[in-house]
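Presented below is the structure to which this report refers.
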Amino acid sequence: MVDLRVNLNKFELSNPIIPASGTFGFGYEFSEFYDINILGSISLKGTTLNPRFGNPTPRIAECEKGMINSVGLQNPGVHRVINEEIKKLKKVYSKKVIANISGFSVDEYLQCVEKFNEVSEVEILEINISCPNVKDGGISFGTCPDSVYNITKKIKEIAKKDVFIKLSPNVTNISEIAKAAENGGADGISMINTLIGARFDIKTAKPIIHNIMGGFSGPAIKPIALAMIYQVYKAVKIPIIGMGGVMNAKDVVEMMYAGASAVQIGSANCINPYACKNIIESLPLLLEELSIKNIKDIIGKAHNV
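Using our numbering, you'd call the opening residue of the sequence shown number -9 and step up by one each time.
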C-alpha cells in the first residue's frame, strides 16, 4: 500500500492534496459533494482585516487552457472568518487548516496574524504577498527582496504558528524573493500565485473583465510553476507548497518531482467540484504504476537524476 503522508515541518498531512485559497470557499460548502476529511488540509479563502466586497463584475474570463479572475479578495473580514466560517467548517472537517492572509499594509497583516494566533483550528499562516487583483494587494511587498525580508521578519516576531510566504510569479528572479523570505524567518514557501493576464471582446475591443487585467491560472501556467519550483527548491531549505495548473495525479507527481512537499489545487475546483477527491483517489494507483511506495521519496526527485 502506498504511503501518501507528507509533512510541512511538524504538520503531518494524510496526503499532499490541499484546495488552493480562493477556489474552495471556506471548505464546508464542498461537504455537500463528498467527505472533505479526505483532504490533506484546506487553504481558506484569502482574509483581510476588514470585510471586502471585491472588484466590480465581470470578474472572470475563460481562456484556452486556463482562466482569468479578478475577484479582488472578497471576504467577510477576519472577525467573521474566525467566529463564523471556521466554526461552520469545524462541524464537517476535523483536521487543521491553513489561514490565507492578505493585506494592504504591514500593520494589517500583523493584526490578522495576531487574531489567527489564537485559533486552534489553524496550523499554518499562509501570507499572500502576491495578489494581482487589487491595487497594492500585497504585490508591492512581494516583488522586492528587502520588502519580503522585512515583512516576513515582522510577522515571525509575533506569529505563534508556522508562516508560509505565498510568492508571485510576476518577478524577475523568484529564487531571490524566496531566499529573502527564508532569511526573514519563513517556515515555508507557497508558490506560484497567478500570472497577470487580460482578454478583450473580439467585436467591441472592450476588456472582458472590469479591471482589464486579472490573475491567469490553469493548465497553461503549469510549466512556469514547475520551472519556478525547481529553481526555488535549489535556493532554500524550507518546504514548498506547489501550485499552478494542477489538474490530475500526474501533475501532482510532476510538481513534487520539482520540489513541492504538498500541492494545492486551484482552477480544477472551478471546473469540477470533485477534482481534489478524484486526484486523491487516483494518486495511489499512479504511484503503484511508478513503483513508488512512499510519496515522500519523490520530493525533489528531479534534482537527483
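From the three backbone atoms N, C-alpha and C, an ideal C-beta is built for every residue, glycine too. Bear in mind that the values here come from a model prediction, so they are computed numbers and not experimental data.
Since residue i contacts residue j with CB under 8 Å, what's their CB separation in whole angstroms?
i	j	result
Y99	I117	7 Å
V96	I141	6 Å
I72	K35	Actually they do not touch by this definition, with Cβ atoms about 13 Å apart.
I199	R70	So it is not a contact: roughly 27 Å between Cβ atoms.
G56	I231	About 20 Å; that fails the 8 Å criterion.
I214	G234	7 Å
M181	M237	Going by Cβ atoms, the distance from M181 to M237 rounds to 18 Å, so no, they are not a contact pair.
C134	L39	Incorrect: roughly 22 Å between the Cβ atoms, too far for contact.
F23	P263	5 Å
I167	G132	7 Å
Name, in chain order, the residues that DSSP records as bridge partners for residue i.
i	result
G208	Answer is none; G208 lacks a bridge partner.
N(-3)	E2
D97	DSSP lists no partner for D97.
K197	Reading the sequence as shown, one finds Pro at residue 197 and not Lys. For P197, which the question treats as bridged, DSSP gives the partners F190.
V118	The displayed chain sequence assigns Asn, not Val, to residue 118. N118 pairs with K156.
T37	I91
E52	M57
R42	N65
L185	F206
V112	V87
N284	D(-7)
Tell me whether residue i is buried or exposed, calling it buried when 16 or more other Cβ atoms sit within 10 Å of its Cβ.
i	result
F94	buried
D25	exposed
M(-9)	exposed
V295	exposed
T37	buried
P46	exposed
T184	buried
R(-5)	exposed
I202	exposed
I192	exposed
D241	buried
K169	buried
S92	buried
F1	buried
E54	exposed
K156	buried
E244	buried
At what residues does the beta strand (DSSP E) containing residue i begin and finish?
i	result
V253	A252 to I255
M57	G56 to N59
S180	G178 to M181
I231	I230 to G232
Any heavy atom of the ligand PLP closer than 7 Å to the beta-carbon of residue i?
i	result
K156	This structure does not include the ligand PLP; it has no bound ligands of any sort.
What residue range does the alpha helix (DSSP H) around residue i cover?
i	result
P9	P9 -> not in any alpha helix (DSSP H); beta strand (DSSP E) instead, spanning I7 to P9.
I270	A265 to E279
Y247	A239 to A248
T142	P135 to I148
I28	Here I28 belongs to no alpha helix (DSSP H), and DSSP marks it neither H nor E.
I164	I164 to N173
I76	I76 to K80
Using a Cβ-Cβ distance cut-off of 8 Å, determine whether residue i contacts chain C.
i	result
I164	Any reference to chain C falls outside this structure, which holds one protein chain only.
Kindly confirm or deny that the stretch 60 to 80 and the stretch 7 to 20 touch, where touching means at least three C-beta pairs closer than 8 Å. Because the criterion of three Cβ pairs below 8 Å is met, the stretch 60 to 80 and the stretch 7 to 20 touch.
I'd like to know if the stretch 145 to 162 and the stretch 187 to 199 are in contact, where contact means that at least 3 CB-CB pairs between them fall below 8 Å. Of all C-beta pairs linking the stretch 145 to 162 to the stretch 187 to 199, fewer than three are shorter than 8 Å, placing the two stretches out of contact.
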